[in-house]
Amino acid sequence: MEQLTDKNRIIQKLQQDILLLQGLVKYPGNPHQDMGLGPIQNAFPGQVFPTAAVHEFISDNGPDCAATNGFISGLLGKLMDKGGTCVWISTNRSLFPSALPVFNILPERIIFVELYRQKDALWAIEEALKCKALTAVVGEIKELSFTESRRLQLAVEKSKVTGFIHRHQPTAANAVACTTRWKISPLPSILPLGMPGIGIPSWNVELLKVKNGQPGKWQVEWFEYGFRHHSVKEQALPEIQKLKAG
Numbered sequence: 063m064e065q066l067t068d069k070n071r072i073i074q075k076l077q078q079d080i081l082l083l084q085g086l087v088k089y090p091g092n093p094h095q096d097m098g099l100g101p102i103q104n105a106f107p108g109q110v111f112p113t114a115a116v117h118e119f120i121s122d123n124g125p126d127c128a129a130t131n132g133f134i135s136g137l138l139g140k141l142m143d144k145g146g147t148c149v150w151i152s153t154n155r156s157l158f159p160s161a162l163p164v165f166n167i168l169p170e171r172i173i174f175v176e177l178y179r180q181k182d183a184l185w186a187i188e189e190a191l192k193c194k195a196l197t198a199v200v201g202e203i204k205e206l207s208f209t210e211s212r213r214l215q216l217a218v219e220k221s222k223v224t225g226f227i228h229r230h231q232p233t234a235a236n237a238v239a240c241t242t243r244w245k246i247s248p249l250p251s252i253l254p255l256g257m258p259g260i261g262i263p264s265w266n267v268e269l270l271k272v273k274n275g276q277p278g279k280w281q282v283e284w285f286e287y288g289f290r291h292h293s294v295k296e297q298a299l300p301e302i303q304k305l306k307a308g
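Residues 63 to 308, numbered by the numbering used here, are exactly what the sequence shown covers, in order.
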């Protein structure tokens, strides 16, 4: 077992050396930070989720928007499990704060900022990302240019804050300087067999882009300690059927 562990360490060290020889920037992330990403963790170089970086999420409709906010909340819950504060900035907040405890987040640890203009929201996001006292910043905006995203990335490189940019119905999925690009959509809610009510949050996760990593697709669900493979052994909520009148 020790030989296998040593071999894995040697392989990871060689991978990091190769990245450096190729002139690639050292991957941002804390190897001691457990993000509870389960099967998704292997998509990142060294199996380390990039903190002190900006992550971009794109949603195209209402259900995807809600699912994306839920997935981001799961990541925030792991980032803030030892304390910390997050600023959540939006022009049209779509998050329901009372749902945050599901992801082990106390709503009072989130500072919500609502601004009407995209320009003002983007300025507030950049300023918040410069604040070293914060653990994370979430920004809900529609558009983000490459130049604007580069400014956000430069801010987190100095402050070590982790940023999440949720772009709902952008005009185009243009290139940005963010470390990752995600697309999240909901899956049928999962219920323990024989139990009524709302089931476990479940998502279809697409990692469309990750610097120095491997994009992929997964179906995952939330449980007490993070994300895991979407279970097919549980009973999904049935689809609502239209009743005929008369």
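Ideal Cβ placement from N, Cα and C applies to all residues, glycine included.
Output needed for residue i: all residues of its chain with C-beta closer than 8 Å, excluding positions within five of it in sequence on either side, in chain order.
i: GLU283; result: LEU249, ILE252, ILE262, PRO263, SER264, TRP265, PHE289, ARG290, HIS291, HIS292, SER293
i: ILE187; result: ILE151, VAL199, GLY201, ILE203, LEU214, GLY225, ILE227
i: LEU168; result: LEU162
i: PRO125; result: SER247, PRO248
i: ILE102; result: VAL267, LEU269, GLY278, TRP280, VAL282, PHE289
Using the Cβ count rule (16 or more neighbours within 10 Å means buried), how would you classify residue i?
i: LEU83; result: With a pLDDT of 49 at LEU83, under the threshold of 50, the modelled position of this residue cannot be trusted, and the question is left open.
i: GLU118; result: buried
i: TRP185; result: exposed
i: ASN131; result: buried
i: LYS245; result: buried
i: PHE285; result: exposed
i: SER160; result: exposed
Closest to residue i by C-alpha separation, out of the options, would be which residue?
i: HIS219; options: ASN236, ARG243, GLN231, LYS194; result: The amino acid occupying residue 219 in the given sequence is Glu; His does not appear at that position. The option with the nearest alpha carbon to GLU219 is LYS194.
i: VAL238; options: SER160, GLU205, VAL223; result: GLU205
i: PRO277; options: ILE260, ARG243, LEU138; result: ARG243
i: LEU157; options: GLU268, PHE208, GLU210, ALA128; result: ALA128
i: LEU99; options: ASP126, VAL116, PRO125, LYS140; result: LYS140
i: THR241; options: PHE133, ASP68, ALA114; result: ALA114
i: SER135; options: ILE172, PRO112, VAL116, PHE106; result: ILE172
i: GLU189; options: GLU170, MET97, LEU177, ALA217; result: ALA217
CA-CA distance, residue i and residue j?
i: ARG71; j: LEU162; result: 37 Å
i: THR147; j: ASN123; result: 29 Å
i: ILE73; j: ARG179; result: 48 Å
i: GLY275; j: LEU196; result: 27 Å
i: ILE260; j: LEU137; result: 21 Å
i: LEU191; j: VAL223; result: 6 Å
i: ARG212; j: ALA235; result: 16 Å
i: ASN154; j: GLU210; result: 20 Å
i: GLN281; j: PHE208; result: 30 Å
i: ASN104; j: ASP143; result: 22 Å
i: PHE165; j: ASP68; result: 35 Å
i: SER221; j: LYS279; result: 31 Å
i: ASP334; j: LYS273; result: Only positions 63 to 308 of the chain appear in the structure, and residue 334 is not among them; the question remains open.
i: PHE133; j: MET97; result: 12 Å
i: GLU170; j: VAL116; result: 23 Å
Suppose the cutoff is 7 Å on Cβ atoms and the five residues either side in sequence are ignored; what does the same chain contact list for residue i look like?
i: LEU76; result: none
i: PRO232; result: ILE120, LYS204, GLU205
i: LYS271; result: THR242, ARG243, PRO277
i: HIS230; result: SER121, CYS127, GLU202, LYS204
i: GLY145; result: none
i: GLU176; result: SER152, ARG155
Can you tell me which residues form a DSSP beta bridge with residue i?
i: ASP143; result: GLY145
i: ARG243; result: GLU118, LYS271
i: VAL199; result: VAL149, GLY225
i: TRP284; result: PHE289
i: TRP265; result: PRO248, VAL282
i: ILE173; result: VAL149
Return the chain-ordered list of same chain residues with a C-beta closer than 6 Å to the C-beta of residue i, the five sequence neighbours on each side being excluded.
i: PHE174; result: TRP150
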